[in-house]
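As given, the protein sequences belong to chains A and B, one line each in that order.
Residue numbers for the first sequence follow this note's numbering, beginning at 162 and rising by one.
Residue numbers for the second sequence follow this note's numbering, beginning at 162 and rising by one.
All C-beta atoms, glycine included, are put in the ideal place defined by N, C-alpha and C.
There are 2 protein chains.
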Amino acid sequence: MQALGTKRSRQREKIFQVLARTTSHPTAEWLYERVREQIPRISLGTVYRNLHILKDQGKIRELDFGEGLRRYDATIEQHYHFVCERCGRVRDLDITPLEDLHPRVQPHVPGTIRAHKLDFYGICTDCLVRE
Amino acid sequence: MQALGTKRSRQREKIFQVLARTTSHPTAEWLYERVREQIPRISLGTVYRNLHILKDQGKIRELDFGEGLRRYDATIEQHYHFVCERCGRVRDLDITPLEDLHPRVQPHVPGTIRAHKLDFYGICTDCLVRE
DNA sequence: ATACATGCAAATCATTTGCGCAGTC
DNA sequence: GACTGCGCAAATGATTTGCATGTAT
Chain A
162 MQALGTKRSR QREKIFQVLA RTTSHPTAEW LYERVREQIP RISLGTVYRN LHILKDQGKI
222 RELDFGEGLR RYDATIEQHY HFVCERCGRV RDLDITPLED LHPRVQPHVP GTIRAHKLDF
282 YGICTDCLVR E
Chain B
162 MQALGTKRSR QREKIFQVLA RTTSHPTAEW LYERVREQIP RISLGTVYRN LHILKDQGKI
222 RELDFGEGLR RYDATIEQHY HFVCERCGRV RDLDITPLED LHPRVQPHVP GTIRAHKLDF
282 YGICTDCLVR E
């Protein structure tokens with residue numbers, strides 16, 4: 162018995178490629194539509210299955226901004242996001258992660274900190290201009 | 162036509178009371194079970210409807226830790242969380258919110274920052290002891 | 001009396017899964 | 001050939017909604 166995702170598949174490679182080439186933070190549905198343009202018979206279930214495999218392999222990251230659905234990201238390095246509360250668009254922020262955060266917070270936490278997640282919310286310039 | 166949530170209701174008051182009296186960050190289902198002990202005929206739909214009303218009134222807060230379901234919190238002041246990746250328990254952290262964060266980050270953001278969300282992930286002491 | 005709120009059940013939305021066949025190693 | 005991956009459709013889980021009836025003001 163082999164581990165999951167040890168064989169290559171056209172579907173998985175294409176899904177990763179599409180994800181890696183966008184700067185948006187797409188949902189499974191969005192990826193499905195894009196990949197479908199090249200592999201018309203692919204199913205949504207396959208997209209979900211492969212997103213899990215890629216995530217387990219550490220090649221992609223799963224995001225959640227409390228919208229009730231998940232988004233995916235091929236940028237796996239730690240980085241922060243800015244979520245526009247008007248249009249919903251999510252942008253990566255070009256800021257170096259706060260190094261000193263864990264040591265500073267650790268004493269106040271009943272456990273061992275492994276990671277943190279930091280998101281900013283507000284209105285993006287595009288939306289501000291539009292009014 | 163009146164606004165939503167302008168009339169009092171036994172159900173809504175009880176839901177808020179139960180939520181306000183717990184330090185856990187319960188799901189709608191959990192609240193439903195608790196409230197049901199006192200209002201047996203209440204429906205899950207009513208719980209959801211009232212959680213939305215309370216949220217719109219600013220009396221409670223909706224949380225999301227990427228588990229695929231929502232949690233609720235009667236503590237509306239800005240505060241951070243520590244999520245145990247083993248048992249899933251969410252604890253409030255007693256740390257003053259980072260004041261300097263917005264001004265420091267604002268220059269790097271294509272929009273206006275209104276708020277930020279900061280969560281820590283790791284293993285809680287309870288789980289660490291258990292091994 | 002009016003219009004918001006409820007209980008119930010059906011609907012919706014995102015995601016997961018069982019199954020038999022296809023593709024990769 | 002063995003075992004992973006696929007497409008399809010049905011199942012699941014959380015949340016939402018339509019409707020007739022109940023209830024607060």
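Check whether the Cβ atoms of Thr286 (chain B) and Gly272 (chain A) sit closer than 7 Å, and answer yes or no.
-> Here residue 286 (chain B) refers to the residue found at position 125 of the second sequence. Here residue 272 (chain A) refers to the residue found at position 111 of the first sequence. Against a cut-off of 7 Å, the Cβ pair of Gly272 (chain A) and Thr286 (chain B) comes out as a contact.
Residue from B:Asn211, B:Gly283 and B:Lys278 with nearest C-alpha to Phe177 (chain B) | Translated into the one-based positions of the second sequence, residue 177 (chain B) becomes position 16. The candidate whose alpha carbon is nearest that of Phe177 (chain B) is B:Asn211.
Host alpha helix (DSSP H) of Thr273 (chain B) (start-end) | Here residue 273 (chain B) corresponds to residue number 112 of the second sequence, with the count starting at 1. Not the alpha helix (DSSP H): Thr273 (chain B) falls in the beta strand (DSSP E), residues Gly272 to Cys285.
Whole-Å CB distance - Ala189 (chain A) paired with Arg222 (chain A), under 8 Å assumed | On the first sequence, residue 189 (chain A) is found 28 positions in, with the first residue counted as 1. On the first sequence, residue 222 (chain A) is found 61 positions in, with the first residue counted as 1. With a Cβ gap of about 14 Å, Ala189 (chain A) and Arg222 (chain A) do not count as contacting.
Just list the beta strand (DSSP E) runs in the stretch 201 to 250 of chain B, keeping only unbroken ones of 3 residues or longer that don't cross its boundaries, in chain order.
-> 222 to 224, 232 to 234 and 242 to 245
Inter-residue CB distance, His277 (chain A) and Leu279 (chain B) (contact presumed, cutoff 8 Å) | Within the first sequence, residue 277 (chain A) is the residue found at index 116, counting from 1. Within the second sequence, residue 279 (chain B) is the residue found at index 118, counting from 1. Yes, they are in contact, since the Cβ atoms of His277 (chain A) and Leu279 (chain B) sit about 6 Å apart, within 8 Å.
Go ahead and pull the three-state DSSP assignment for Arg265 (chain B).
-> If you number the second sequence from 1, residue 265 (chain B) lands on position 104. Note: Arg265 (chain B) maps to helix in three-state DSSP.
Given that a residue counts as buried once 16 or more other Cβ atoms are within 10 Å of its Cβ, and exposed if not, what is Ile237 (chain A)?
-> On the first sequence, residue 237 (chain A) is found 76 positions in, with the first residue counted as 1. Its Cβ having fewer than 16 others within 10 Å, Ile237 (chain A) is exposed.
What does Cys248 (chain A) touch in chain B if you count any residue whose Cβ is under 9 Å from its own?
-> Locating residue 248 (chain A) in the first sequence gives position 87, counting from the first residue. The premise fails here: Cys248 (chain A) is roughly 10 Å from chain B at the closest Cβ pair, so nothing lies under 9 Å.
Alpha-carbon to alpha-carbon, Asp225 (chain B) and Val251 (chain B) = Here residue 251 (chain B) refers to the residue found at position 90 when the second sequence is read from its first residue. Here residue 225 (chain B) refers to the residue found at position 64 when the second sequence is read from its first residue. Spanning the two alpha carbons is a distance of roughly 11 Å.
Residue environment, Pro187 (chain B), which counts as buried when at least 16 other CB atoms sit within 10 Å = Here the question's residue 187 (chain B) lines up with position 26 in the second sequence. With 16 or more other Cβ atoms within 10 Å, it is buried.
Same chain, Cβ closer than 8 Å to Arg173 (chain B), neighbours up to 5 away in sequence not counted | Here residue 173 (chain B) refers to the residue found at position 12 of the second sequence. Excluding residues within five positions, the ones whose Cβ falls inside 8 Å are Gly166, Asn211, Ile214 and Leu215.
Three-state secondary structure (DSSP) of Arg252 (chain B) | As a working note, residue 252 (chain B) is residue 91 in the second sequence. Arg252 (chain B) falls in the strand class under three-state DSSP.
Buried/exposed call for Leu205 (chain B), threshold 16 Cβ in 10 Å = By 1-based counting over the second sequence, the position of residue 205 (chain B) is 44. Label assigned to Leu205 (chain B): exposed.
Excluding the 5 residues preceding and the 5 following Phe281 (chain B) in the sequence, name in chain order all residues of the same chain whose CB lies nearer than 6 Å to its CB.
-> Working through the second sequence from its first residue, we reach residue 281 (chain B) at position 120. Taken in chain order, the residues that qualify are Phe243.
Glu246 (chain B) to His240 (chain B), Cα distance in whole Å?
-> Position 85 of the second sequence, counted from the start, is the residue given in the question as residue 246 (chain B). Position 79 of the second sequence, counted from the start, is the residue given in the question as residue 240 (chain B). Going by the C-alpha atoms only, they are around 19 Å apart.
Compile a chain-ordered list of the residues in the stretch 280 to 292 of chain B whose CB is closer than 9 Å to at least one CB of chain A.
-> Asp280, Phe281, Tyr282, Gly283, Ile284, Cys285, Thr286, Asp287, Cys288 and Leu289
Contact set for Ile200 (chain A): own chain, Cβ-Cβ below 8 Å, skip 5 residues either direction | Indexing the first sequence from 1 puts residue 200 (chain A) at position 39. Closer than 8 Å at the Cβ level, and outside the excluded window around Ile200 (chain A), lie Arg171, Gln172 and Lys175.
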